[in-house]
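Asker: Residue 633 in full-length UniProt numbering sits at position 633 of the sequence shown, and the numbers go up by one each step.
Could you have a look at this structure, given as structure tokens, before my questions?
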Amino acid sequence: QSPECSLPPEIIEEYGGNPVTVNCTTALAEHKGMYFTVGNETSRIIEKQMSISQSVSLSDWNVTIKCKVKLNEFNECSKDLQVITFKNPEVVHSVQLVNVIGEETQYRLQCDIINVAPVQYVNVSWYKNSEKIQTESFNDTTTKTPVNESSILRVNISREENVVEFRCEAQLDFRPHRPKLPAISKTHRVSAHCCPLTLTPSETVVKFGDPVSINCSTSVTDVEGMGWEAPFGGTGFERPPVVTWRVEKLEEWTPSPFCYVTLVDGSQRTVKTPDSVSVSDMGHGSMVEGREYDLKCDVINVAPVQNLTVTWYRGNETVKTDTFNDSTMTPVNASSTLRISTQRDYNGLTFRCEAELHLGPKGPKFPPNARHSHILLTVVTENISLFGDPVLINCSTSATDVEGMGWEAPFGGTGFERPPVVTWRVDKVEEWTPNPFCYVTLNDGSQCTVSPLITVYKTPDSVSVSDMGRGPMVEGREYDLKCDVINVAPVQNLTVTWYRGNETVLTQMFNDSTMTPVNASSTLRISTQRDYNGLTFRCEAELHLGPKGPKFPPNVTSPPYTAVVLYKPFMESCPDYVTVNESAAFSIDMLSCQPDGNPFPTVQWFYEEKLINPSRSLTRTDSGKYTAVVQNSRGRSNTSVHITVEYSPSFTCKEHYEITVNDKHQSICEPVGLPTPTLTWFKDGKQMVSPQRWKKNDSGKYLLNAHNTHGTNGNESKQVLQGEDVTLSCSADSNPPSNIRWVYTPAVNSNVTTEGHQKIITITRATSTNAGFYICVAENKVGRNTRFVTLMIKGMITDSVKVLFPAIWAFLTLLIIGLTLLVVYFHNRQKKRGQYNFVPECQMSNIAI
1 QSPECSLPPE IIEEYGGNPV TVNCTTALAE HKGMYFTVGN ETSRIIEKQM
51 SISQSVSLSD WNVTIKCKVK LNEFNECSKD LQVITFKNPE VVHSVQLVNV
101 IGEETQYRLQ CDIINVAPVQ YVNVSWYKNS EKIQTESFND TTTKTPVNES
151 SILRVNISRE ENVVEFRCEA QLDFRPHRPK LPAISKTHRV SAHCCPLTLT
201 PSETVVKFGD PVSINCSTSV TDVEGMGWEA PFGGTGFERP PVVTWRVEKL
251 EEWTPSPFCY VTLVDGSQRT VKTPDSVSVS DMGHGSMVEG REYDLKCDVI
301 NVAPVQNLTV TWYRGNETVK TDTFNDSTMT PVNASSTLRI STQRDYNGLT
351 FRCEAELHLG PKGPKFPPNA RHSHILLTVV TENISLFGDP VLINCSTSAT
401 DVEGMGWEAP FGGTGFERPP VVTWRVDKVE EWTPNPFCYV TLNDGSQCTV
451 SPLITVYKTP DSVSVSDMGR GPMVEGREYD LKCDVINVAP VQNLTVTWYR
501 GNETVLTQMF NDSTMTPVNA SSTLRISTQR DYNGLTFRCE AELHLGPKGP
551 KFPPNVTSPP YTAVVLYKPF MESCPDYVTV NESAAFSIDM LSCQPDGNPF
601 PTVQWFYEEK LINPSRSLTR TDSGKYTAVV QNSRGRSNTS VHITVEYSPS
651 FTCKEHYEIT VNDKHQSICE PVGLPTPTLT WFKDGKQMVS PQRWKKNDSG
701 KYLLNAHNTH GTNGNESKQV LQGEDVTLSC SADSNPPSNI RWVYTPAVNS
751 NVTTEGHQKI ITITRATSTN AGFYICVAEN KVGRNTRFVT LMIKGMITDS
801 VKVLFPAIWA FLTLLIIGLT LLVVYFHNRQ KKRGQYNFVP ECQMSNIAI
């Protein structure tokens, strides 16, 4: 609710009438719009106005109307309009003659208010000869739809009043918001009847075998006849005003005579006091503190029952009064029930009921035959005993007028002993329902008894869990596990608790009142999951014997039941993508993938739809998608892993390349490796950028160096002193085996040998002629690979200069002559382009171009 918008206080209109218009106003000049919600429908939002209207149809008993104002994009305020839809009732009036007592007639008037809504606003008024005598309203504030209600008025009409007019009015009263609606009323006339019978005496006490007589008289003259009905001593249909029931020797314990009078109009009236009134505990026996029990008061053979009142007393305190609506005029049996919640203070307390016939102002001064019965209640202490154990219970009294006391029992009873204490003792309880009771006899001969509540218990012989022969479970299906508890008592104190692992999943109690040992069972329904495979289930049987029982409730636990759940296989912990190094000798069975399933599944790995050996090491050519197929009797599933095999750089180059001048750069020697290697060019020991176009002066020896995350491949150098011995070894690991050879400039002091899968160059007393490039080439049918080594001889500079200086002059002379011859040659052929064949100075260079 919000003060930002205002509505009428409420709408009160007849259901199904014409639509009403509702206005809503707001004090907010700035808002994002106003609108109504009527039930589940929303009106359109109206902006820039401070008042809106809405027409509402009153055809819904539970209609709700709200006016809402949007304060901004996120907040709004609203106010509810109270809507009351009503329907005027119909009124039906009925009259029931209840009884005629003396010169008064009892009536039960009923006013039925039919099809009225809402009932909380209905007032029902009773009028006697235009005088209001009773008003009734109804407290149902939740029901809005039409209902039926009744108002009952009980009246006594005396003979002097003759005819009386009664009227009931039903009216919807909505004040202070709206005046009352017109009243709907019904009128009925009733007249007095009489039953002028008087019993003298009204109550009599007769010794068995003595005579008895009772006079029945009437004071009216319009009597056709009267008499006594009885199993013995009855009279015929005699003339008024007096008729006598007379028995010379009363030898019936429950005589049931009644006097009747037949009026001239043919109607008959009777008055009969109860034959007996008694209280019983309905077989509960001894009561236990804190529990609820019912006491029953039986009133036998009474008439008229609608004039009967039964009053309950706890000690001398009135705790309940019952009346009866039965209009039967002949003698009937009636009963009243009192529910009590026992307390320890009730121990030894007396409850009684009293039956009275209230026959109105013209009846007897004292109600006839006010009879009562009482019962002595005993709330006893519980005793909890294990079957076969000893038991001892003391019974004591604080009264002084006691002649004697004792225990009555099928075993362990005592004689008639002196107060104040007597003990019931049994060395070994072997009876499931012992019913001893302690009695006390007072000096006046009266006797009372008290019974202890004894619970004899027995723990189960065994507790076990079974799957009822259904064998292994299958994932996703429902199964029942059964817990059998054998030979336990009393079963009503048994609690069975189910555990899944250490988790409590079900607790069950039992209502069987059998006190002797029985077998009990509890069922646990489970919907199986794969996680339940190998999980243990167990049940625990526990006897809860209350505060008087053992400190720790006796319990027996079943052996664990291990669930076997069959389920479809799957592969867990499998990565989607894996990158490995070729040098790590990685194989598929080294993946973290773990097969799971019950039965345990078989696993097969496929590459490019072909079955593979998962133990084989992967090489650079094995990158791709690998699929595992796991299968058992419950089904199969697939899991894929993408594997990338990376490897260090290597070259598959030739030793010599011939290129045409001005050709564009082309990949004449590309390294292989994953990740793709970075390639670096060297010429004459200096790093350079690879040529975009080849020129004639680009001829020469080039060194290439390739690098990625797994290593570097290129020219390796080895430096030795002049005169030292040198050994260069080359080997290759491949399948099929490689053919290995060395490419180098042979010398007198160098020699190549083979040892196993190795090719070894041995140089004895190295000289300057041994310096240069050594290339190892490994080839098989799959491909080729090369490695380069530069051998440097230290301490050979002087000799080199001596050797090279005349060679340089000779080279320059030859070069000039060669160039001259070339110019003449090309001039003669008149061609602008030709084929160049660059011959390296030394075949030991890395790559000759």
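Just so it is clear, CB atoms sit at the ideal spot from N, CA and C, and this is done for glycine as well.
On a CA-only basis, which of I113, E160, K128 is nearest S137? Give me that one, please.
Answerer: Nearest C-alpha to S137: I113.
Asker: Which partner residues of D173 appear in the DSSP bridge assignment?
Answerer: According to DSSP, which records beta bridges pairwise, D173 is partnered with nothing at all.
Asker: Is P490 near the ligand GDP, with its Cβ less than 7 Å from a heavy atom?
Answerer: With respect to the ligand GDP, the structure offers nothing, as it holds no ligand at all.
Asker: Apart from the five residues on each side of it in sequence, which residues of its chain come closer than 6 Å, Cβ to Cβ, to A778?
Answerer: A732, S738, I740, N785
Asker: Which two residues bound the contiguous beta strand (DSSP E) that contains Y647?
Answerer: 635-651
Asker: For V422, write down the residues that DSSP places opposite it in a beta bridge.
Answerer: C395
Asker: Near P614, what residues of its chain come up, given a Cβ to Cβ distance below 7 Å and the 5 sequence neighbours on each side ignored?
Answerer: S587, I588, D589, W605
Asker: Is it the case that the Cβ atoms of K144 and N115 are separated by a distance below 8 Å?
Answerer: When the beta-carbon positions are compared, K144 and N115 stay at least 8 Å from each other.
Asker: What does the alpha-carbon distance come out to for the pair G233 and D326?
Answerer: 29 Å
Asker: Quick one, which of E14, K428, P550, V92 has its alpha-carbon nearest F174's?
Answerer: E14
Asker: Got a sec, what are the start and stop residues for the beta strand (DSSP E) N62 sits in?
Answerer: Per DSSP, N62 belongs to no beta strand (DSSP E) and is neither H nor E.
Asker: Quick check: P554 and T459, are their CB atoms within less than 8 Å of each other?
Answerer: yes
Asker: Please confirm whether A520 and V488 have their CB atoms less than 8 Å apart.
Answerer: yes
Asker: Between the Cα of R765 and the Cα atoms of I775, N749, G772, which residue gives the shortest distance?
Answerer: N749
Asker: Measuring only the C-alpha atoms, how far is N662 from S690?
Answerer: 14 Å
Asker: Under a three-way DSSP split, which group does D281 fall into?
Answerer: Coil.
Asker: Three Cβ pairs or more, each shorter than 8 Å: is that satisfied between the region 575-584 and the region 535-548?
Answerer: As far as the Cβ criterion goes, the region 575-584 does not touch the region 535-548, which means the pair count is below three.
Asker: Contact defined as beta carbons within less than 8 Å: I believe V20 pairs with V69. What is the distance between those atoms, to the nearest angstrom?
Answerer: So it is not a contact: roughly 21 Å between Cβ atoms.
Asker: For the beta strand (DSSP E) holding E542, just list the boundary residues, first then last.
Answerer: 536-543
Asker: Give me the residue from Q719, G534, Q343 with the minimum Cα distance to K794.
Answerer: Q719
Asker: I need the boundaries of the beta strand (DSSP E) containing L338, first residue and last residue.
Answerer: 332-341
Asker: What does DSSP give as the partner residue(s) for K683 in the beta ladder?
Answerer: K686, Y702
Asker: Note down the Cα distance separating M473 from R44, rounded to an integer number of angstroms.
Answerer: 60 Å
Asker: In chain order, what residues of the same chain have a beta carbon less than 7 Å from the beta carbon of G415, not counting five sequence neighbours either side?
Answerer: G406
Asker: Nearest to R108 by alpha carbon, out of S151, Y532, L704, S729?
Answerer: When the alpha-carbon of R108 is set against those of S151, Y532, L704, S729, the nearest one is in S151.
Asker: Buried or exposed for S336, going by 16 or more other Cβ atoms inside 10 Å?
Answerer: Classification for S336: buried.
Asker: Once DSSP output is grouped into helix, strand and coil, what is the label at N487?
Answerer: strand
Asker: How should Q687 be labelled, buried or exposed, when 16 other C-beta atoms within 10 angstroms of its C-beta is the threshold for buried?
Answerer: Q687 comes out exposed.
Asker: With a cut-off of 8 Å, do at least 3 Cβ pairs link the region 756-772 to the region 689-709?
Answerer: The region 756-772 vs the region 689-709: no contact.
Asker: Taking the CB atoms as reference points, tell me whether A706 and P675 lie closer together than 8 Å.
Answerer: no
Asker: From what residue to what residue does the beta strand (DSSP E) around G624 run?
Answerer: 624-632
Asker: How about T423 and L392: do their beta carbons lie closer than 8 Å?
Answerer: yes
Asker: How do the region 639-654 and the region 611-628 stand: do at least 3 beta-carbon pairs fall below 8 Å, yes or no?
Answerer: yes
Asker: Is E10 buried or exposed, if buried means 16 or more other CB atoms sit within 10 Å of its CB?
Answerer: Result: exposed.
Asker: Tell me whether K362 sits in a helix, a strand or coil according to DSSP, three-state version.
Answerer: With a pLDDT of 40 at K362, under the threshold of 50, the modelled position of this residue cannot be trusted; read the value that follows with caution. K362 falls in the coil class under three-state DSSP.
Asker: Indicate whether R636 and P569 have their beta-carbon atoms separated by less than 8 Å.
Answerer: yes
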